[in-house]
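Protein chains in written order, with full-length UniProt numbering: chain R, 1 to 518; chain D, 1 to 518.
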């Protein structure tokens with residue numbers, strides 16, 4: 001089943017934001033955002049048909065025999081009973097075939113609208129949407145070192161994401177603004193995404209009430225009618241692996257699904273701790289969990305958008321530390337993509353994962369391993385695609401721009417290989433002949449500007465120039481780019497009336513409750 | 001056609017080295033080398049059948065219409081004429097179908113023997129052999145900075161390669177020993193590979209005479225009979241792209257092919273300079289060049305082992321600098337693999353390519369992009385798989401061990417996914433159940449030691465420990481590993497008689513000619 005709004009986002013004419021916003025926009029500075037990646041290359045499929053069938057059969061067995069726990073959520077248990085599951089205490093055992101049948105009403109792709117219609121994204125199919133890091137309590141940069149994140153840091157990351165050409169999405173909790181009370185943070189975070197950027201964003205999931213606030217703020221931004229008919233948020237619903245669905249996350253899911261807003265249903269797995277140490281065992285549990293979660297979203301509202309999520313990392317059995325960019329995580333990322341496609345669901349996985357404490361070689365090897373596998377595994381929504389450091393404890397400014405730059409390679413790779421007459425270049429080969437060179441030939445002159453992807457951060461200078469200029473490493477080059485981008489930043493235009501209404505909403509909400517840091 | 005020696009290398013009982021060497025070996029310290037990678041995962045195939053057919057047809061057209069130049073090599077021209085080509089001056093035009101027909105006698109895989117039979121490698125098929133960086137005139141490490149390479153550096157790299165578990169091959173010119181006369185370097189380099197390591201190695205290609213010396217030294221090391229019947233060297237024959245075969249490289253190829261020794265026939269291409277700026281145009285030229293080169297090796301001796309080589313990088317059109325780890329290079333690496341498999345030839349490409357001046361994040365992103373694409377493109381022989389820096393001008397000690405460690409991820413990835421009962425882990429999922437954890441369960445206890453690949457260089461420590469220990473980045477951690485490995489090094493045993501003969505050979509050769517630094 002496909003969302004009716006699955007026409008190319010680029011072709012849409014926006015209803016969100018209204019005429020005033022569009023007029024204001026024309027007078028503002030804008031930063032280029034590349035279209036969503038559409039793959040013209042095949043996916044890598046590492047798992048055989050036989051292995052996939054084993055996993056699918058075992059996942060059904062897990063759901064029927066072991067079941068899943070819906071904790072502190074009597075209404076959910078009631079819904080499951082009505083849907084045909086066997087409920088025993090908080091344990092929900094789902095007869096074989098039932099979860100998959102319930103999942104079948106979820107759309108295979110959907111459009112998440114941005115307030116700037118040109119930046120709406122299609123999630124699913126051959127598309128890949130890139131979103132920044134999510135969740136770190138710390139930030140780090142070369143100057144300030146590692147420290148607790150603040151709202152000011154949050155604003156900076158939203159600005160950087162807005163200005164990053166290869167990033168399609170503003171994300172959600174790009175870092176935790178720890179200087180704002182826990183029960184009010186979501187208001188400031190949403191305000192930042194709505195006003196400092198015009199890219200699509202995520203809603204709050206830390207409490208059903210905050211999910212409801214997210215919806216209400218979107219009703220101000222997009223108009224209540226628009227939000228009723230369209231998906232304007234994609235939010236991250238983590239499963240408490242193994243096989244446990246807690247009342248907070250499920251409460252948020254219930255709000256979003258009921259409002260036809262998208263949820264990423266995502267097991268959060270450190271292999272060996274929250275799942276078996278084997279790839280097939282982990283994939284079995286992932287599939288069982290995702291099927292139960294997506295099925296539940298469809299019980300709430302058939303047809304509401306849900307994404308097959310997989311966050312998996314391995315563990316260093318010496319230290320117990322989670323490890324990233326490893327071959328085991330790559331295999332799980334790849335196999336989960338195959339499973340997601342067989343279910344006809346959009347797929348979320350991979351990201352700029354690394355365990356390193358610095359944006360150094362370790363960080364980059366681990367990150368590149370994960371980004372490449374994400375592209376080749378058919379990921380449709382890549383959260384954490386830039387800025388992740390130290391196992392997700394830290395959002396790193398320099399790594400953010402380094403990763404965001406690398407995302408350009410995914411765009412170029414996915415474009416595949418053209419084979420028209422110009423691409424064949426036979427005239428160039430004739431013109432140059434044995435022993436010649438191509439720099440000056442007509443074909444090169446006609447094509448060189450678009451022929452090769454080029455980093456905007458890396459050093460391509462001769463050694464001597466590089467040395468004279470201070471022999472800067474990637475971190476130093478990236479720090480300079482962060483400073484430049486933040487100094488160039490200008491906000492996208494927004495109808496002042498809408499902005500005033502959002503500000504009033506946030507002020508009222510904040511005034512309505514005491515601060516809480518719990 | 002397949003080399004008769006294509007039985008698994010691990011099963012062979014060695015004739016090379018003799019009984020004395022084997023006895024000596026038992027008393028020596030040995031370092032573990034992982035078996036050659038055998039892929040249990042599918043290759044990524046980015047190019048469509050249609051695009052491949054266009055490239056193949058165009059390459060035949062290039063050979064017939066434009067042809068290739070064999071420079072300063074009248075004997076080669078005579079051979080081509082006899083084989084059916086149209087020779088006009090130094091231009092060799094090859095009628096459609098002829099080059100491919102000549103190539104068909106080259107084996108699809110072959111065994112390159114090491115003096116330690118357990119380290120012989122199969123090149124071709126589903127196998128991947130990893131060899132270190134080749135050719136840099138400079139070396140670099142954190143302590144000494146960037147400097148001209150010496151024989152002492154060369155020795156250190158051979159030792160590091162010998163001790164690297166994931167590296168199968170000792171390589172060739174791991175760096176240029178610039179303190180040794182050009183006309184005598186090859187003797188010292190071969191001596192180092194033969195005595196400091198027991199892994200397979202490459203021969204000299206800088207002059208046909210030096211290729212002959214390489215053969216003669218192998219006759220001492222392996223025995224003349226053994227060398228007559230077996231392939232004991234794989235050497236790098238670069239094509240002078242576009243479409244030019246110079247007399248030095250062809251002279252070396254002639255020596256090696258005549259002795260049934262393997263050659264990598266490899267276009268050396270900076271896209272936009274030595275080939276068209278488009279992927280399909282470059283692949284067309286690569287295929288034409290490789291077909292001409294491999295065909296020539298088969299004219300010299302039908303059945304001699306030849307590898308389809310592809311060294312391709314893109315160019316930064318702003319600065320003219322070659323750039324590495326780019327999507328365009330990835331596509332060419334991938335497409336050339338498809339073309340090589342369609343010819344039934346072993347394939348060489350990819351490596352630890354980067355343009356960075358330091359082993360920093362840039363170096364690692366670029367390298368990881370290339371290593372991953374190499375694995376997924378069906379590469380059979382990966383030269384430069386570790387240690388490459390600054391566009392190949394520098395062999396870097398820290399990057400060598402960082403890359404060599406990352407090669408472990410390729411091993412694990414290629415192993416694919418097991419789906420037997422143990423891998424399914426259903427008992428573990430039952431045992432743990434919703435809300436439990438896997439760390440202590442029976443399945444984890446039985447499998448954790450082999451479940452996850454683990455870096456031997458990266459930092460996996462908690463932040464506080466890492467900070468107390470000096471907050472070291474990857475470069476610093478790698479520098480410590482280099483020092484440790486070199487201090488632990490012990491040479492593999494070698495029959496003292498053979499060693500003495502090699503020393504005498506080298507001394508005689510050196511005495512027979514004046515030093516030349518040209």
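Ideal Cβ placement from N, Cα and C applies to all residues, glycine included.
Fair warning: this is a prediction, and the values are worked out from it, not measured in the lab.
- Annotation for residue 245 (chain R): 68, 69, 70, 71, 73, 76, 239, 292, 293, 296 place their beta carbon closer than 8 Å to its own, counting only its chain and skipping 5 residues before and after.
- Classified as exposed, residue 442 (chain D) has fewer than 16 neighbouring CB atoms from the shown chains inside 10 Å of its CB.
- Burial check for residue 84 (chain D): the Cβ neighbour count within 10 Å stays below 16, so the residue is exposed.
- Residues of chain D with a Cβ closer than 7 Å to the Cβ of residue 406 (chain R) are, in chain order, 365.
- Residue 143 (chain D) counts as exposed, since fewer than 16 other C-beta atoms from the protein chains shown sit within 10 angstroms of its C-beta.
- Comparing alpha-carbon positions, the option among R:339, R:346, R:447 lying closest to residue 48 (chain R) turns out to be R:339.
- Selection D:407, D:236, D:44, D:38 evaluated against residue 413 (chain R) yields D:44 as nearest (Cα-Cα).
- Residue 99 (chain D) carries a helical assignment under DSSP once its states are collapsed to helix, strand and coil.
- Rounded to whole angstroms, the separation of the alpha carbons of residue 382 (chain D) and residue 335 (chain D) is 16 Å.
- Here DSSP, grouped into helix, strand and coil, assigns residue 334 (chain D) to helix.
- For the segment 320-353 of chain R, the set of residues with a beta-carbon nearer than 7 Å to any beta-carbon of chain D comprises 321, 323, 326, 327, 328, 330, 331, 335, in chain order.
- When Cβ-Cβ separations below 9 Å define contact, residue 458 (chain D) makes contact with chain R.
- Bridge pairing for residue 236 (chain R): R:264 [DSSP].
- By the Cβ neighbour-count rule, residue 159 (chain R) is buried, with 16 or more other Cβ atoms within 10 Å of its own.
- Uninterrupted beta strand (DSSP E) stretches at least 3 residues long and entirely within the segment 77-142 of chain D occur at 86-88, 91-93, 109-112, 121-124, 127-130, 138-141, given in chain order.
- In the structure shown, the three-state DSSP call for residue 47 (chain D) is coil.
- For residue 444 (chain D), the residues of chain R that pass the 8 Å Cβ criterion are 272, 276, 277, in the order they occur in the chain.
- The segment 292-351 of chain D contains, as complete alpha helix (DSSP H) runs of 4+ residues, the segments 327-343 (chain order).
- For residue 374 (chain D), there is no enclosing beta strand (DSSP E); the enclosing alpha helix (DSSP H) covers residues 361-376.
- The beta-bridge partner set that DSSP reports for residue 256 (chain R) is empty.
- The shortest C-alpha to C-alpha distance from residue 113 (chain D) to any of D:122, D:308, D:175, D:138 is the one to D:122.
- Of D:213, D:173, D:511, the smallest CA-CA separation from residue 392 (chain D) is found for D:173.
- A buried status is given to residue 317 (chain R), since no fewer than 16 other beta-carbon atoms sit within 10 Å of its beta-carbon.
- Taking 7 Å as the Cβ-Cβ cut-off, the segment 34-49 of chain R approaches chain D at 41, 42, 44, 45, 46, 47, given in chain order.
- Residue 163 (chain R) carries a helical assignment under DSSP once its states are collapsed to helix, strand and coil.
- When the alpha-carbon of residue 140 (chain D) is set against those of D:267, D:435, D:396, D:445, the nearest one is in D:396.
- Residue range 145-148 is occupied by the beta strand (DSSP E) that includes residue 145 (chain D), with no alpha helix (DSSP H) assigned at that position.
- Judged by beta-carbon spacing, residue 464 (chain R) lies beyond the 9 Å limit of residue 481 (chain R), meaning their Cβ atoms are not closer than that value.
- Neighbourhood of residue 466 (chain D) in chain R, by CB distance below 9 Å: 357, in chain order.
- Fewer than three Cβ pairs drawn from the segment 402-421 of chain D and the segment 251-270 of chain R lie within less than 8 Å of each other, which leaves the two stretches out of contact.
- The Cβ atoms of residue 95 (chain R) and residue 434 (chain D) do not sit closer than 9 Å to each other.
- A direct Cα-Cα distance of roughly 10 Å separates residue 186 (chain R) from residue 202 (chain R).
- In the DSSP secondary-structure assignment, residue 394 (chain D) is bridged to D:138, D:389.
- Closest option to residue 354 (chain R), judged by alpha-carbon separation, among R:341, R:348, R:371: R:371.
- Ranked by Cα distance from residue 111 (chain R), the options R:98, R:224, R:99, R:125 are led by R:125.
- One thing to note: residue 147 (chain R) has its Cβ no nearer than 9 Å to the Cβ of residue 357 (chain R).
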